[in-house]
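2 protein chains.
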Amino acid sequence: MNGEKNHFGETVPGTRPRARRRTRQRSVIQRVLLEANRPLSPQAILLAAQAMAPGLGIATVYRTIHTMMTEGTLVAVGIPGEAARYEISGKEHHHHFQCRECDAVFDIQGCPTDDLAKLTPKGFRLESHQVVLYGVCPPCTGMPS
Amino acid sequence: MNGEKNHFGETVPGTRPRARRRTRQRSVIQRVLLEANRPLSPQAILLAAQAMAPGLGIATVYRTIHTMMTEGTLVAVGIPGEAARYEISGKEHHHHFQCRECDAVFDIQGCPTDDLAKLTPKGFRLESHQVVLYGVCPPCTGMPS
DNA sequence: ATTGGTGCAAATGCTTTGCATCCCG
DNA sequence: CGGGATGCAAAGCATTTGCACCAAT
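Next comes the structure, spelled out in structure tokens:
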């Protein structure tokens with residue numbers, strides 16, 4: 024999947040230009056997620072990370088997301104009809120609010136755990152949950168900044 | 024995007040084999056969604072619909088989904104890290120439960136509306152919400168059928 | 001005959017993967 | 001030196017779109 028091919032379909036070595044390598048890109052990605060303090064899409068992570076580490080590739084972002092999800096240090100936040108966003112786990116349990124106007128997702132505090140437990144139908148075992156509120160965020164309601 | 028092209032890049036008419044046409048595929052798709060009575064992915068809708076109407080294409084599924092969403096007769100249900108699923112709206116307000124084992128999504132009754140309203144931070148305007156519970160469904164807990 | 005719905009396939013866009021290379025120990 | 005991490009590009013999929021053709025009016 025890399026380098027040029029000769030007439031026989033074989034890879035010609037050494038045809039790829041050198042790329043500036045960066046190590047421990049993972050730390051850059053983690054920093055981006057920590058500083059944002061709200062769920063980000065892979066593309067948003069890429070943009071922010073590239074500002075700190077030019078040349079960082081999208082594949083590294085996805086691989087890091089996958090690794091951290093496996094470790095449990097990152098959690099996915101799903102919004103209907105949109106790409107998943109991700110945020111550092113280990114924070115206090117919380118939920119999210121998405122603005123219909125600007126699409127941004129915000130963390131919100133509090134959780135009606137007990138009330139949700141009551142919704143669980145008989146025969147089902149409840150393990151976790153997710154709540155997403157939708158509406159309009161302060162900037163988009165036209166409030167003065 | 025269709026038919027064969029000549030050496031000048033022009034479309035050669037009549038090169039596409041005839042397709043069996045079905046009309047009002049929309050009604051087929053609606054029926055699939057109604058009978059399932061739980062959120063389905065576009066691919067799942069396609070499979071079920073093709074059983075009733077062979078030759079029905081994926082494009083029609085997506086177009087119908089888009090039309091119905093615009094009308095408000097269909098709503099998207101988002102699950103983290105997965106493709107959106109869709110279900111007929113107009114039912115009573117409700118939420119969802121996803122089984123970790125088999126990935127199926129079920130409707131559940133009840134909604135702690137007031138409790139959720141209390142979570143809304145100052146300055147935000149709440150318009151709607153979504154709750155997803157995760158766990159294990161009865162068949163997957165190893166219960167006798 | 002006209003209009004809208006539809007199948008097909010190409011196009012688009014996001015995510016994953018193969019490979020060679022590079023970094024660090 | 002060797003193993004793991006990374007950039008790049010191709011591959012893999014899901015979704016959207018262009019077009020011609022069919023169906024119902």
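In the order they appear, the protein sequences are chains A and B.
Read in our numbering, the first sequence has 126 at position 103, and its numbers run on one by one without any break.
Read in our numbering, the second sequence has 168 at position 145, and its numbers run on one by one without any break.
Yeah, the Cβ is synthetic: ideal placement off N, Cα and C, and Gly gets one too.
V154 (chain B) places its beta carbon less than 8 Å from that of H152 (chain A).
Contact check between the segment 78-91 of chain A and the segment 134-144 of chain A: fewer than three CB pairs, one atom from each, fall below 8 Å, which does not count as touching.
Taking 8 Å as the cut-off, the Cβ atoms of P144 (chain B) and I131 (chain A) count as close. L63 (chain A) sits buried, since 16 or more C-beta atoms from the chains shown fall within 10 Å of its C-beta. Just measuring C-alpha positions, the residue of B:R148, B:E124 and B:K114 sitting nearest N60 (chain B) is B:K114. By the neighbour-count criterion, in which a residue is buried when 16 or more other Cβ atoms sit within 10 angstroms of its Cβ, Q66 (chain A) is exposed. Of the residues A:P162, A:F129, A:G95 and A:Q48, the one whose Cα lies closest to the Cα of L142 (chain B) is A:F129. The alpha-carbon separation between I68 (chain A) and V100 (chain B) amounts to approximately 24 Å.
Residues of chain A whose Cβ lies closer than 8 Å to the Cβ of L139 (chain B) are, in chain order, P135, V154 and L156. Inter-residue distance for M91 (chain A) and I111 (chain A) is about 9 Å (C-alpha atoms, whole angstroms).
Shown here, D130 (chain A) sits in a strand according to DSSP, grouped into three states. With respect to the 8 Å criterion, Q48 (chain B) and L79 (chain B) are classified as neighbours on the basis of their beta carbons. Looking at the DSSP output, S151 (chain B) bridges to A:Y157.
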